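At position 231 of the sequence shown (counting the first as 1) the number is 230 in numbering that gives the first Met the number 0, and the numbers step up by one without a gap. Cβ atoms here follow ideal geometry from the backbone N, Cα and C, with glycine treated the same way. Being a predicted model, the structure only gives us computed values, none of them experimental. In what follows, a single structure is set out as C-alpha cells and then discussed.
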Amino acid sequence: MRIADYSVTKAVLERHGFTFKKSFGQNFLTDTNILQKIVDTAEIDDQVNVIEIGPGIGALTEFLAERAAQVMAFEIDHRLVPILADTLRDFDNVTVVNEDILKVDLAQHIQSFKNPDLPIKVVANLPYYITTPILMHLIESGIPFSEFVVMMQKEVADRISAQPNTKAYGSLSIAVQYYMTAKVAFIVPRTVFVPAPNVDSAILKMVRRPEPAVAVKDEQFFFKVSKASFTHRRKTLWNNLTGYFGKTDEVKEKLTKALDQA
C-alpha cells in the first residue's frame, strides 16, 4: 500500500486529526499512477538530489525517496511535520524542513546534502496560490537547478510554456523561458485530489538552458520592459511602455531609439 492510496491517505489524516487549511492551498494527490509518472518524467535516479516544496503527507516524497540520492522537503505547515515523520519513517534519505521556501537560505540547506555536488532537481506539487513567486524565487536564486518537474494549475502551466504569437504568451512566459525550456508533460484531472480543487492541473517540465535565451545587457530592465509590454493587451506597445515608464520627452526619446533598433 502506498501513502497516496485513498484508503491510506484517509487513515493517516484521521489518525492525526488533520484538517485542511485553505490558506496553505493544500490538495493531496491520491493517484499512484500519476505519482509514478511524475517521477519518471523527472528521470530521478540515485545520482540526483531532489528539492520538494509542499510534501503534504509524503505521497510524492515516498516515490522520490525510493529513487533519489536524497530528498529535502520544505513544508510550511508545522502540523504536517509529525505526520511526515510517521509516513516516511522507513526512509533515511529524506530531510523535512519546516520553513517557508521563500524565506530560507536555500544554498546553505543544499550544502547539508551528503553529496551536494550531485545535480539538483525540483519536483513538487506547488501550492496554487503562490506558484509563480516560488518558481521565480527558485529560478532566480542563483542555484543551478538542472530541472523542474512541477504541478500547478493548467492555466498557469499553459502561460509559462506558451509560444510567441499565442494568446497565452506574456511576461511570465518570457521570464521563465529566458532561463529554462518549458513544456507541459501531461494533464492531471481535479478528481484525483483530496480535497478536489476547482480546476485541472498540469505537470510542467522545465530544463535549464546552458545560456539565457537571449543576450541582454541589463536583465532587470529587460524584464521590466517585457512586463510593461503585456500590461494592457489591447493597447499598443508604445502606449504600454509610456504608461509604465512615463511620458517625458527623455523617456519617449529612449523608447523611440530602442524600438527603432529592435
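Going by alpha carbons, who is nearest to aspartate 76 out of Thr8, Val121 and Lys20?
-> Lys20
To the nearest angstrom, report how far apart alanine 3 and histidine 15 are at their CA atoms.
-> 16 Å
Could you work out which residue in Leu105, Asp199 and Gln152 is closest to asparagine 140 when comparing CA atoms only?
-> First, the amino acid is wrong: residue 140 is serine here, not asparagine. Ranking the options by Cα distance to serine 140, first place goes to Leu105.
Use the C-beta contact count for alanine 318: other C-beta atoms within 10 angstroms, 16 or more gives buried, fewer gives exposed.
-> This structure cannot speak to residue 318, because the chain is shown only from 0 to 261.
Measuring CA to CA, which of Tyr178, Ser145, Arg1 and Ala195 is closest to alanine 214?
-> Comparing alpha carbon positions, the residue from Tyr178, Ser145, Arg1 and Ala195 closest to alanine 214 is Tyr178.
Cβ neighbour criterion (16 or more within 10 Å) applied to isoleucine 142 = exposed
Exposed unless 16 or more other CB atoms sit within 10 angstroms - verdict on lysine 9 = exposed
Residue burial classification, glutamine 219 (beta-carbon count within 10 angstroms, cutoff 16) | exposed
Status (buried if at least 16 other CB within 10 Å, exposed otherwise) for methionine 150 | So methionine 150 counts as buried.
Jot down the residue ranges of each uninterrupted alpha helix (DSSP H) in the stretch 95-166, minimum 4 residues, whole runs only, in chain order.
-> 105-109, 130-138 and 153-160
Which same chain residues, not among the five before or five after arginine 233, have their C-beta less than 7 Å away from its C-beta?
-> Note that arginine 233 scores 48 on pLDDT, short of 50, meaning its location in the model is unreliable and no value can be drawn from it.
What residue does the alpha helix (DSSP H) around asparagine 48 start on, and which one ends it?
-> Not the alpha helix (DSSP H): asparagine 48 falls in the beta strand (DSSP E), residues 48-52.
Indicate the three-state DSSP secondary structure (helix, strand or coil) for phenylalanine 90 in the structure shown.
-> Coil, per DSSP.
Note the first and the last residue of the continuous beta strand (DSSP E) segment covering glutamine 69.
-> 69-73
Use the C-beta contact count for lysine 182: other C-beta atoms within 10 angstroms, 16 or more gives buried, fewer gives exposed.
-> exposed
Opening and closing residue of the alpha helix (DSSP H) in which valine 11 lies | 5-14
With a cut-off of 8 Å on the beta carbons, I'd call phenylalanine 73 and valine 103 a contact; round off their distance for me.
-> 7 Å
Where the beta strand (DSSP E) through leucine 63 begins and ends = Taken as a continuous stretch (DSSP letters only), leucine 63 belongs to no beta strand (DSSP E), being part of the alpha helix (DSSP H) at 58-64.
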